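Below is one structure; the comments refer to it alone.
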Amino acid sequence: MGNVDLQARIPNNVDLKEDRRLQRALESWQPDYLQWWMEMGPEGFQADQIYLRTAVDVGREGWAHFDYVKMPEYRWGIFLEPSSPDRAIPCGDFAGQPAWQQVPGEWRNSLRRIIVTQADTEPASVEQQRLLGHTAPSLYDLRNLFQVNVEEGRHLWAMVYLLHSYFGRDGREEAEDLLRRRSGNADSPRILGTFNEPVEDWLSFFMFTTFTDRDGKFQLLALAESGFDPLARTTRFMLTEEAHHMFVGETGVGRIIQRAADVMNELKTDDPEAIRNHGAIDLPTIQRYINRWFSSSVNLFGGEISNNAATYFAAGLKGRYKEEDRFEDHVVVEGIYEMPVPHQNGADVARLATEEIPLRNAMNEILRDDYIGDCEFVVDRWNRILEKADRPERLSLPNRRFNREMGIYRGWSFDPEGNPISAIEFERRSADWLPTASDKSYVKSLMTPVLEPGKMAAWIAPPRKGIDGKDWEWEYVRFDKASVGIGLGAKPSLIG
Ligand code: BYC
Ligand code: FE
Ligand code: FE
C-alpha cells in the first residue's frame with residue numbers, strides 16, 4: 001500500500017493509479033455520487049465556503065487539514081489504516097489463520113450484505129439531515145452539521161471502494177443502488193429502520209448523532225475486528241471520524257440541557273410551560289426525545305437471537321468490541337447468554353422468562369450491551385451538567401425493551417423501566433414517554449436560523465470552545481454573496 005496521493009482525482013492511499021480498471025470504475029461512479037450530493041446533500045448551502053476538516057493522511061497526528069471549502073469541492077477520498085503484514089483472523093472458526101486479503105468465496109454474499117448495509121446508512125443520514133442547515137442555531141453548529149455530512153459521504157466512498165475493488169460486477173451494481181435508494185421513500189427506502197425516519201429539528205439531530213452515530217461506532221468496532229483485512233482497515237480509519245459526530249451530538253444535547261437548567265434557575269421553577277415561555281426546551285421533552293431516539297437506535301443491532309450474527313462471527317466477518325483485548329476465548333463454541341425472553345401470558349402482557357442462548361447466536365445482544373453501557377456514560381455526563389447547575393432533576397436511558405420494533409421484544413409493550421405492560425397501558429402513557437405532536441411543534445417553533453457570527457439561538461447554550469482552536473463566535477461559514485437571497489429563508493439574517 002502506497003502513500004497518500006492527494007493530487008489524484010480521488011485522493012487515496014491505496015495506490016489507485018496502479019489499478020487502472022478499479023480507478024476507471026471509481027472515476028465513473030464519482031459523477032453519479034456528485035449528482036446525488038447536489039440533489040440529496042445539504043440544501044441551500046452548496047455555494048458557500050465552509051470551514052471543514054479534510055482527511056489528508058492516516059497517521060495518528062496531522063491527518064486532518066482545516067480550510068474553507070465549498071462542499072461539492074470537498075476532497076472525498078479513500079483512506080485505509082496501514083496494513084500489518086502478519087495480522088491474523090481474530091475470531092471464529094478460523095481464528096489465528098492469516099487474515100483474508102481477498103473475499104473468502106464461501107462468505108461472499110454475507111460479506112457483501114454487511115458492507116452494503118453499512119454503506120447504505122451513510123448516504124441515508126445525509127438525506128435525513130439535508131434541510132437542517134436552514135434552521136441552524138449558529139454558524140458553529142452549521143459548520144458541524146456539514147462536517148458530519150461530508151464525512152458520512154466519505155464513509156460511503158470507503159464502502160464503495162470495497163464493493164468496486166473486491167466484488168466485481170455485483171459490487172458495482174450495489175454501488176449504483178446505494179445512490180438510488182432514498183431515506184423515507186416508499187418505493188425504495190434505505191435498508192435499516194432508523195435511517196428512514198425524518199430528522200426535522202436540531203434536538204433530533206443532536207439525539208441522532210448521539211445515539212444513531214454511536215450505533216455506527218459499535219458496528220464499525222465490530223467490523224474493525226473482521227478477518228477480511230480491507231474491511232477492518234477501512235473501518236478503523238472511519239472510527240477516527242466518527243468520534244467527532246458523537247461529540248457534536250453529546251455536546252449539542254448538553255448545551256440544550258445547560259440552557260434548560262439556566263432558565264429553571266433564573267425563573268426558580270421547573271414548570272415546563274414556564275421554561276417554554278422563556279424559549280428553552282424543558283427537561284421532560286428532552287427525556288422524551290432521548291426515549292425516542294435511543295429506542296430506535298437500539299433496534300439497529302438486529303435480533304437478540306440471530307443466526308446471521310452467529311454466522312458472521314463463526315466466519316470471522318464481524319468480531320466483538322475489542323475482540324483481541326477483552327476476550328480469551330475467540331472461538332466461542334461454548335458458553336451461553338442468559339436472556340429475558342417474552343412469552344404469552346394469556347393476556348397481552350408479556351411474561352419474561354430467562355433463556356439460555358448459545359453465545360454465538362447472542363452476538364448482536366453482546367454488542368448491544370457494550371453500546372448501552374457507552375450510552376449510559378453519555379447520560380451520566382449530561383446529568384453532571386444538571387448537578388453542576390444545582391438542579392435536582394436527572395435524565396435516564398429507557399430500558400432496552402422499551403418501544404422496540406425489531407427483535408424479540410417487538411410487538412410487546414414495556415414501560416421505560418422495562419416492565420411488561422399491556423398495549424392499552426402503553427397507549428395511555430405514551431404522551432409521558434415519547435414526543436407528542438405538541439412537543440414536536442414546540443421544538444419546531446424554535447427552529448429559526450441564527451446565521452451571524454457571534455450569535456447563538458436562545459434555546460441552546462454556546463459551546464465552551466470552537467473548532468480548530470478558534471472561538472465559537474468565529475465565522476465558520478462564509479456565505480456566497482451571489483447565492484444569498486436565492487434560497488430565501490435560508491439566510492435571512494444576511495438579507496437587508
Ligand atoms: N431495520 O438476524 P437479524 C452507521 C433485518 S450505523 C430493518 O436479527 P442481523 C451510521 C436483517 O437485515 C451502523 N431491518 O439481524 C450511523 C434481517 O433481514 P432478513 C450501520 C433490520 O442480520 C449514523 C432481519 O432483519 N452498520 O454507520 O444479525 C449516521 C433479521 O436479522 C434491522 C451496520 O448495520 C433494522 N433495524 O443484524 C451514519 C453493520 N435489523 O435476513 C451512519 C452491518 C435487522 O430477514 N449490518 N434487520 O432479510 C449488520 O451487521 C447486520 O445487518 C445488522 C442486523 C446488525 C444490522
Ligand atoms: Fe458514518
Ligand atoms: Fe457518523
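Each residue of the sequence shown is one higher than the one before, starting from 1 at the first, in the numbering used here. Yeah, the Cβ is synthetic: ideal placement off N, Cα and C, and Gly gets one too. Computed from a prediction, not measured in an experiment: that's the story for all the values here.
Cutoff 8 Å; reference residue i; Cβ partners in own chain excluding five residues on either side
i    : result
M1   : With a pLDDT of 47 at M1, under the threshold of 50, the modelled position of this residue cannot be trusted; read the value that follows with caution. Excluding residues within five positions, the ones whose Cβ falls inside 8 Å are N13, V14, D15, L80, P82, S83.
N383 : R394, L395
P189 : R181, R182, S183, N196
Proximity below 7 Å, CB of residue i to CB of residue j
i    : j    : result
G92  : G316 : yes
V477 : P137 : no
E174 : L163 : yes
Y337 : A362 : yes
L367 : F301 : yes
V349 : P420 : yes
R130 : P198 : no
L156 : P123 : yes
L203 : Y140 : no
D215 : M246 : no
G303 : G407 : yes
S306 : N345 : no
G133 : G44  : yes
F479 : D170 : no
A119 : L178 : yes
A310 : R360 : yes
G319 : A222 : yes
I286 : F146 : no
D370 : Y321 : yes
Cβ-heavy atom distance, residue i to ligand 3, below 6 Å
i    : result
G133 : no
7 Å CB neighbourhood of residue i in its chain, flanking five on each side removed
i    : result
L220 : T235, M238, L239, E242
A25  : H164, R172
E127 : M40, R182, S183
F211 : W293, F294, S297, C375
V499 : Outside the modelled stretch of the chain, which goes from 1 to 496, sits residue 499, for which no answer is possible.
E427 : none
R87  : A99, D229
M447 : T135, D201, W202
A8   : L16, K17
Check: residue i C-beta below 6 Å from any heavy atom of ligand 1
i    : result
T121 : yes
S499 : The chain is shown from 1 up to 496; residue 499 falls before or after that span and cannot be answered.
I114 : yes
S125 : yes
Q240 : Looking at the sequence itself, residue 240 is Thr, so the reference to Gln does not match. No, the Cβ of T240 stays beyond 6 Å of every heavy atom of ligand 1.
T117 : yes
L192 : yes
Q46  : no
N308 : yes
M406 : yes
Q219 : yes
G168 : no
Cutoff 6 Å; reference residue i; Cβ partners in own chain excluding five residues on either side
i    : result
K17  : none
Q97  : I89
V116 : E174
F167 : R112
A497 : With the chain covering only 1 through 496, there is no way to say anything about residue 497.
P540 : No statement about residue 540 is possible, as the shown extent of the chain runs from 1 to 496 and does not include it.
Y409 : R401
S493 : Per-residue confidence for S493 stands at a pLDDT of 48, beneath the threshold of 50, marking its modelled position as unreliable; the derived number appears in the next sentence. So the qualifying residues of the chain are L451, E452.
Residue i CB to nearest heavy atom of ligand 2 below 6 Å
i    : result
H343 : no
H65  : no
H330 : no
H278 : no
With a cut-off of 8 Å, do at least 3 Cβ pairs link the segment 278-287 to the segment 458-469? Short answer: they touch.
Give the residues whose C-beta lies closer than 6 Å to at least one heavy atom of ligand 3, in chain order. Those residues are E152, D213, G216, E242, H245, given in chain order.
Count the CB pairs spanning the segment 226-234 and the segment 369-383 that are closer than 8 Å, and state whether there are at least three. Counting Cβ pairs under 8 Å, fewer than three are found: no touch.
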